Amino acid sequence: SEEAVLIWGANGSGKTTLLSILGGLDIPTRGSVLVGGREIARLKESELAKVRLHDVGFVFQTHNLIDDLTVEENVALPLRLARKPADPRVRDLLETFDLVRLATRRPNEISVGEAQRVAVARALANGPKVILADEPTAALDAKGSAAVLAAFELAREDFHAAVIVASHEPTVPGFAGTSYHLEEGTLGRRG
-13 SEEAVLIWGA NGSGKTTLLS ILGGLDIPTR GSVLVGGREI ARLKESELAK VRLHDVGFVF
47 QTHNLIDDLT VEENVALPLR LARKPADPRV RDLLETFDLV RLATRRPNEI SVGEAQRVAV
107 ARALANGPKV ILADEPTAAL DAKGSAAVLA AFELAREDFH AAVIVASHEP TVPGFAGTSY
167 HLEEGTLGRR G
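Quick note on this note's numbering: the sequence shown kicks off at -13 and runs consecutively.
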C-alpha cells in the first residue's frame, strides 16, 4: 500500500489494457492476476464486481463523471452503489480535494482539472487499496496536472492507497515512484 508506480510506453503499447486487467475490467489471456490471494479470472462476476467496487478506484483519461449529477453526487456514487452512508465520507473528500465550493455544480460547469480532481475523490470514496489512473493528466495544463498529482499524493499519504499511473511519458513531473516501461506488451523496470 501507499506505493506509487508509473507505467509508461508509447500509444498502443498496452497500458490501458494492463490497467484494465489489473482492475478486473478485463481478464488476461495469459498469466494471472491475484487479488487478495485469489486469481481474478476464477472469480464469479459478482465477486469481481465487489473487488472493483471496494478494492480498486479508477481514474480515466477523461473524467467519466455523470453530467446529470452534481460534483457531490458524483463523488458519492460509489458509496451509494455499495449501500454505504455517504455524507461524512463525501464531505471529507470534498474538503480534502478543495471541491466544497463546486459541490452543487455539474461536471459541464467546472474546468477539466477540477473534473479530474472530482474523479480522484470519487475513486477514493470506498477506500480502495489501489487507484489505477490512465493518462490522468493528458488533457490538463501544468496547473491542472499539478493539482491532480497532488491529489494522488494525498491518496497515498492520507488514504493509504497505492497509485498506479499509466502515461506515454517516461516521467510525470511531480509524480515520484517506481517506473516501468511497457513495450509491445512486455513490462520492464526503469528505476
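Quick reminder that beta carbons are idealized off the backbone N, C-alpha and C, glycines included.
These numbers come from a predicted model, not from an experiment.
Item                                                                                                                                         : Value
Go to Gly184, then tell me how far its alpha helix (DSSP H) extends in each direction, as first and last residue.                            : This structure does not reach residue 184, given that the chain is present from -13 up to 177, and the question cannot be answered.
Identify whether Gly174 lies in helix, strand or coil by the three-state DSSP scheme.                                                        : strand
If you draw a straight line from the alpha carbon of Arg77 to that of Leu88, how long is it in whole angstroms?                              : 12 Å
Just how far apart, CA to CA, sit Trp(-6) and Lys36?                                                                                         : 28 Å
Which of the three DSSP states, helix, strand or coil, is assigned to Ser153?                                                                : strand
Go ahead and pull the three-state DSSP assignment for His40.                                                                                 : helix
Given Phe145, which residues of its chain have a CB within under 8 Å of its CB, disregarding the five upstream and five downstream residues? : Leu110 and Gly113
Can the beta-carbon of Ile96 be found closer than 9 Å to that of Ala119?                                                                     : no
Give the DSSP-derived three-state secondary structure of Val(-9) in the structure shown.                                                     : strand
Just confirm the distance between the C-beta atoms of Ala162 and Val116, as a whole number of angstroms; I'd bet it's less than 8 Å.         : Not a contact, Cβ separation roughly 17 Å.
Taking just the CA atoms, how far does Thr157 sit from Val57?                                                                                : 30 Å
To which residues does DSSP link Glu121 through a beta bridge?                                                                               : BP columns for Glu121 are empty, so no partner.
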